[in-house]
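Protein sequence lines, in the order shown, are assigned to chains A and B.
Take 1 as the starting number for the first sequence in the UniProt record's numbering and just add one per residue.
Take 1 as the starting number for the second sequence in the UniProt record's numbering and just add one per residue.
Note that CB positions come from ideal geometry on N, CA and C, so glycine has one too.
What you are looking at is a predicted structure, and each value in this text was computed from that prediction instead of being measured.
Down below is the structure, laid out as structure tokens.
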Amino acid sequence: MRYAMAVDTKKCVGCSDCVVACQAENKVPIGFCRDWVVEIVTGKFPEVKVELRSERCNHCKNSPCVRCCPTGASHYSDGGIVMVNGDDCIGCGACIQSCPYDARYSHPEGFVDKCTFCQHRVTRGYKPACVSVCPTNCLYFGDLDNPKSDVSVALQKRKYKVLAPEAGTKPQVYFLI
Amino acid sequence: MSSRRDFIKITSVGGAGLFAAGNVAAKYFNPGKNMKGTIQRTPTYCEVCFWKCSGWAHTNENGELWKVVGNKKDPLCNGRLCPRGSGGIGMYNDPDRLKSPMIRIEERGKQVFKEVTWHKALEYVAQKMEALKEKHGAESLALFNHGSGGKHFSNLVKAFGSTNIVAPSYAQCRGPREAAWIATFGTAVNAPEPTDIKNTNCLVLIGSHIGENMHNTQVQEMSEAIDRGATIITVDPRLSTAATHSKHWLPIKPATDIALLLAWMHVIIYEKRYNHEYIEKNTFGFKELKEYVAEYTPEWAAGITNLKASQIRETAREMAFHAPSTIVHPGRHVTWYGDDVQRVRCIAILNGLLGSFGTKGGFYMQTKASVPTFSHPPYPQPKWSWKDFLDGKFPSAEINVSNAMIDASHPDNQSDKKIKGWIVVGTNLINTIPNTPRTIEAIRNQDLVVVVDTMPMEITGWADVILPECTYLERYDDLRVSPERYATLALRVPAVKPKHLTKPASWIVRRLGLKLGLQDYFNYSDFSEVLDWQLKQMGSSLAEMKKKGVTVVDRPESSLYLPKDEPVQLKTKSGKIELYSQLLEEQGFDPLPKYTAHPEAPDGFYRLNYGRAPMHTFTRTANNPNLSDIMNENRLWVNPQVAENHGLKMNQMIWLENQDGVLSEFPIKVRVTERIGPDCVYMVHGFGHNNKRLKRAHGKGISDTKLITRVAIDPIMGGTGMRGNFVKFLVEEPKKEVES
Chain A
1 MRYAMAVDTK
11 KCVGCSDCVV
21 ACQAENKVPI
31 GFCRDWVVEI
41 VTGKFPEVKV
51 ELRSERCNHC
61 KNSPCVRCCP
71 TGASHYSDGG
81 IVMVNGDDCI
91 GCGACIQSCP
101 YDARYSHPEG
111 FVDKCTFCQH
121 RVTRGYKPAC
131 VSVCPTNCLY
141 FGDLDNPKSD
151 VSVALQKRKY
161 KVLAPEAGTK
171 PQVYFLI
Chain B
1 MSSRRDFIKI
11 TSVGGAGLFA
21 AGNVAAKYFN
31 PGKNMKGTIQ
41 RTPTYCEVCF
51 WKCSGWAHTN
61 ENGELWKVVG
71 NKKDPLCNGR
81 LCPRGSGGIG
91 MYNDPDRLKS
101 PMIRIEERGK
111 QVFKEVTWHK
121 ALEYVAQKME
131 ALKEKHGAES
141 LALFNHGSGG
151 KHFSNLVKAF
161 GSTNIVAPSY
171 AQCRGPREAA
181 WIATFGTAVN
191 APEPTDIKNT
201 NCLVLIGSHI
211 GENMHNTQVQ
221 EMSEAIDRGA
231 TIITVDPRLS
241 TAATHSKHWL
251 PIKPATDIAL
261 LLAWMHVIIY
271 EKRYNHEYIE
281 KNTFGFKELK
291 EYVAEYTPEW
301 AAGITNLKAS
311 QIRETAREMA
321 FHAPSTIVHP
331 GRHVTWYGDD
341 VQRVRCIAIL
351 NGLLGSFGTK
361 GGFYMQTKAS
371 VPTFSHPPYP
381 QPKWSWKDFL
391 DGKFPSAEIN
401 VSNAMIDASH
411 PDNQSDKKIK
421 GWIVVGTNLI
431 NTIPNTPRTI
441 EAIRNQDLVV
451 VVDTMPMEIT
461 GWADVILPEC
471 TYLERYDDLR
481 VSPERYATLA
491 LRVPAVKPKH
501 LTKPASWIVR
511 RLGLKLGLQD
521 YFNYSDFSEV
531 LDWQLKQMGS
541 SLAEMKKKGV
551 TVVDRPESSL
561 YLPKDEPVQL
571 KTKSGKIELY
581 SQLLEEQGFD
591 PLPKYTAHPE
601 APDGFYRLNY
611 GRAPMHTFTR
621 TANNPNLSDI
631 MNENRLWVNP
641 QVAENHGLKM
651 NQMIWLENQD
661 GVLSEFPIKV
671 RVTERIGPDC
681 VYMVHGFGHN
691 NKRLKRAHGK
701 GISDTKLITR
711 VAIDPIMGGT
721 GMRGNFVKFL
731 VEEPKKEVES
């Protein structure tokens, strides 16, 4: 089993519902977030293009955060979800430094926090909160080992890219272009 | 508005048909009452905007509000709320909420608000209302309202004897399109718009920025249209979010839209790209229109709009190619330049030429549930109403015009029909109606101003009495019956108890009604009794609906559209689609829309455009902790060349001054971006709050409304055109006179 997500940049309107819903679902304190929206503007008026995309932890196969964690708090869980065990975390912040995607933050209660692909929902058969709320339906989630999963189907049909492939992290969040 | 909706052979589904017989729940189930230790969900419909998506409010093991998620059965949201809906919990949690009734009193020569009991506050309001009635007549009381709370107050105000009830959503927003649609199709557009986006092959947006406005169904359906490969054509001086997803973006010179629309008609007609038989059978005035648009070639329009003639031609052909599965969207906030009915008339005419009215992929025929009225005595007949005050002005205004009510309230009102008391429910008139100084003069001329709100919005600072309403998550309200593809009913049940001393509007009006001797109009002790009675009349019950949250009545697809083989039968004068409007002609206006050049920016000034951000609803959400966390200020979009000419840098704080010397109250951050052209600047509406009690929103960004002092009134229906204002940049903080 290999969980992954695909983000359709042709549909995302950058509304940040993924962020608001995640904050509520996961009780992320106001002022922090586990996912966020990026807007990239290229060209010159009127020949100008915009890419909007929802970003989060890439749940990399080769995660620098897991490698550098001195206590083993950052670890791979079922389906490759990169998790942080808050009780084991000493808040040293090495993982925050190591992440090329700036996907982690220091929780005010003294541990490092980030996207969990909503493991608590996914294991019960629900979609992650961001996926289930997205009004444009631009987020696809599922098991890459299952060719019929939403994410597999999306990746079969469309061209895609990953962020910072040069970092060699093997990210598992894909962007449909 | 609903009365205009039901004429085209579409039967309103209602009454007993809504629920299958024998479907009444056997045992009473109250999800509103949280059993300790379990997660509970309670049905609600959202009140963060007017779309009113149905959802479930979840409370955690301690009975505390946790999250709100969409109801999968609701066609307005399909289980997906927008960011405002997801952030609705912030309305409940906001520490700056109004907490107690307050009365303005004088203390040592200074006016202050004093917290009082509900009894005292309502006693005070009732006395003042009686005095108002005695001195000026009941008609002198006006209700300005928005949202669900307003419905309860409408009942009170009508029972009191006034029909001067108004919402800024008409004359400051969608009114012109309703008048234009009535002139052309004999029916208003209504909200939600009956645009069949999910089935369309071509969607044309003119200054309508779906995706920045989070009109949920439309956003979802536009996404489906993108998936299907539909063509999107967006006309906007700014590369809006919708424009970024469009095949064609027409970066039009602001205020020249009518020229483009006339040229599109020209191409469709003179290249014979219309369905001859359809036009013959269903439209009125084609010959006149054809003659009229003869001179409006794409080349003519190109010179005015700064667009390429080839692009105008190409996009017209593409629309016609996909017709009748083409939607030229009527827009929503359409009060721009004062000739707005005529601009939307152009849009209506185009839809008429393309045959999209009542057609799959064009506009479907709405339906809605009718809910039985809870019995009360007939309302007294007022001696005069807003129509009489207008005295023939704005003949197409089908509902009350808020700026006219400001006129009726203003000391310069010479007529004998004067407004002397205001009840303001859920609308921040200071930042909603343009020309704020005039609004304030009108307020100062009132004997009584009552403000009902959840938050200390600017308008509360002008109140004699502030009545704190609880949020939608803490109350029952009327059943939601939005006109849509399917008749639906959605229920709102309190998920948590009202915080502080706040109360539901239904409770406030009833108590006030008792004090005014109007108890017969509020024949319930709790509003849930009204809902239960209504639902039982329809074959269900409150208990049953609490389990479902929403009920949808299925409808055969064929009934969504007009029958293809029969000629249309509309409520226009000719019964047909009026390309040439006999109604407007009779009212003394142009039966075919004219292009008029609008004033241009003086040297050094730029046109001020404003719009929406997906995570905010006007001025209402700027202080919401969850939503201000995502966006806490507006920024001024400036083209890089313009920025360079003025030496402006990204994120620099600047002040603005408009053509009348009016200054922005606060500075705004510059956003240098290629997404906007050199002839205008843009900001999101709803920021720049100056009430210090809004701790998160105070002084964040600026208010566009306060810079809108030049207002072009639409003579047809009274809309306030607000896009004719120009601003210049001030890099130093201007010296201001201290307001007394």
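Cβ-Cβ separation, residue j to residue i (assumed contact under 8 Å), whole Å
i: asparagine 403 (chain B); j: alanine 225 (chain B); result: Wrong, their Cβ atoms sit about 36 Å apart, outside the cutoff.
i: valine 13 (chain A); j: proline 614 (chain B); result: 6 Å
i: isoleucine 347 (chain B); j: leucine 141 (chain B); result: The Cβ separation is near 37 Å, so there is no contact.
i: asparagine 435 (chain B); j: serine 409 (chain B); result: That pair is no contact at about 13 Å.
i: leucine 579 (chain B); j: leucine 289 (chain B); result: 5 Å
i: histidine 266 (chain B); j: tyrosine 296 (chain B); result: 5 Å
i: proline 324 (chain B); j: glycine 362 (chain B); result: 5 Å
N- and C-terminal bounds of the beta strand (DSSP E) containing residue i
i: leucine 52 (chain A); result: 47–56
i: phenylalanine 726 (chain B); result: 726–730
i: threonine 136 (chain A); result: Looking at the DSSP string, threonine 136 (chain A) is not in any beta strand (DSSP E), and its letter there is neither H nor E.
i: arginine 607 (chain B); result: 606–611
i: tyrosine 292 (chain B); result: Note, tyrosine 292 (chain B): premise wrong, no beta strand (DSSP E); alpha helix (DSSP H) at 286–293.
i: leucine 627 (chain B); result: Careful: leucine 627 (chain B) lies outside any beta strand (DSSP E), inside the alpha helix (DSSP H) at 625–628.
Among the options, nearest to residue i - alpha-carbon criterion
i: arginine 56 (chain A); options: A:Ala73, A:Asp150, A:Val37, A:Cys69; result: A:Val37
i: serine 337 (chain B); options: B:Glu600, B:Lys546, B:Pro614, B:Ala243; result: In the sequence as presented, serine is not what sits at residue 337 (chain B); that position holds tyrosine. The residue with the shortest Cα to Cα distance from tyrosine 337 (chain B) is B:Glu600.
i: threonine 283 (chain B); options: B:Lys692, B:Gln569, B:Met538; result: B:Gln569
i: arginine 174 (chain B); options: B:Thr373, B:Met717, B:Asp477; result: B:Met717
i: arginine 228 (chain B); options: B:Leu239, B:Gln127, B:Lys198, B:Gly88; result: B:Lys198
i: lysine 417 (chain B); options: B:Glu398, B:Pro382, B:Asn435, B:Lys360; result: B:Pro382
i: arginine 332 (chain B); options: B:Gln311, B:Pro251, B:Ser169, B:Ser370; result: B:Ser169
i: cysteine 15 (chain A); options: B:Lys290, B:Ser86, B:Val235, B:Val450; result: B:Ser86
i: valine 189 (chain B); options: B:Ser162, B:Lys133, B:Leu132, B:Tyr364; result: B:Tyr364
i: valine 530 (chain B); options: B:Gly549, B:His376, B:Lys52; result: B:His376
i: proline 165 (chain A); options: A:Ile30, A:Asn58, A:Lys27; result: A:Asn58
i: glutamate 109 (chain A); options: A:Thr116, A:Lys27, A:Val19; result: A:Lys27
Test: residue i CB closer than 9 Å to a CB of chain B
i: serine 106 (chain A); result: no
i: glutamine 156 (chain A); result: no
i: isoleucine 177 (chain A); result: no
i: lysine 159 (chain A); result: no
i: proline 46 (chain A); result: yes
i: cysteine 138 (chain A); result: yes
i: alanine 21 (chain A); result: yes
Neighbourhood of residue i by C-beta distance below 6 Å, restricted to the same chain and skipping five residues each side
i: glutamine 342 (chain B); result: Pro593
i: tyrosine 92 (chain B); result: Leu65, Thr471, Leu473
i: valine 451 (chain B); result: Val424, Ile459, Thr460, Ala463, Ile466
i: alanine 697 (chain B); result: Ala622, Asn623, His689
i: proline 591 (chain B); result: Tyr580, Ser581, Leu584, Glu585
i: threonine 169 (chain A); result: Cys60, Asn62
i: glutamine 119 (chain A); result: Ile81
i: lysine 159 (chain A); result: Ile177
8 Å Cβ shell around residue i - same chain, five flanking residues per side excluded
i: alanine 21 (chain B); result: For alanine 21 (chain B), the predicted structure reports a pLDDT of 34, less than 50, and the residue's modelled location is therefore unreliable. A value from the coordinates is still provided. Contacts found: Gly539.
i: methionine 319 (chain B); result: Cys202, Val204, Ile233, Trp264, Ile268, Thr326, Val328, Leu350, Leu354
i: valine 48 (chain A); result: Val41, Thr42
i: serine 100 (chain B); result: Glu115, Val116, Pro468, His500, Leu501
Host alpha helix (DSSP H) of residue i (start-end)
i: glutamate 277 (chain B); result: 276–282
i: serine 86 (chain B); result: 83–86
CB contact below 9 Å: residue i versus chain A
i: leucine 91 (chain B); result: With the sequence shown as reference, residue 91 (chain B) is identified as methionine, and leucine is not the correct amino acid for it. Closer than 9 Å: no.
i: tryptophan 462 (chain B); result: no
i: leucine 636 (chain B); result: no
i: tryptophan 507 (chain B); result: no
i: glycine 211 (chain B); result: yes
i: lysine 120 (chain B); result: no
Contacting residues, own chain, Cβ-Cβ under 7 Å from residue i (five flanking each side not counted)
i: valine 727 (chain B); result: Phe605, Tyr606, Leu608, Leu656, Glu657, Asn658, Val681, Leu707
i: glutamine 534 (chain B); result: Val371, Pro372, Phe374, Leu479
i: glutamate 633 (chain B); result: Lys669, Phe687, Lys700, Gly701
i: isoleucine 89 (chain B); result: Leu65, Lys67, Val68, Asn626
Along the region 229–258 of chain B, where does the CB come closer than 7 Å to a CB of chain D? Name the residues.
Annotation note: the requested chain D is absent from the structure, which comprises protein chains A and B.
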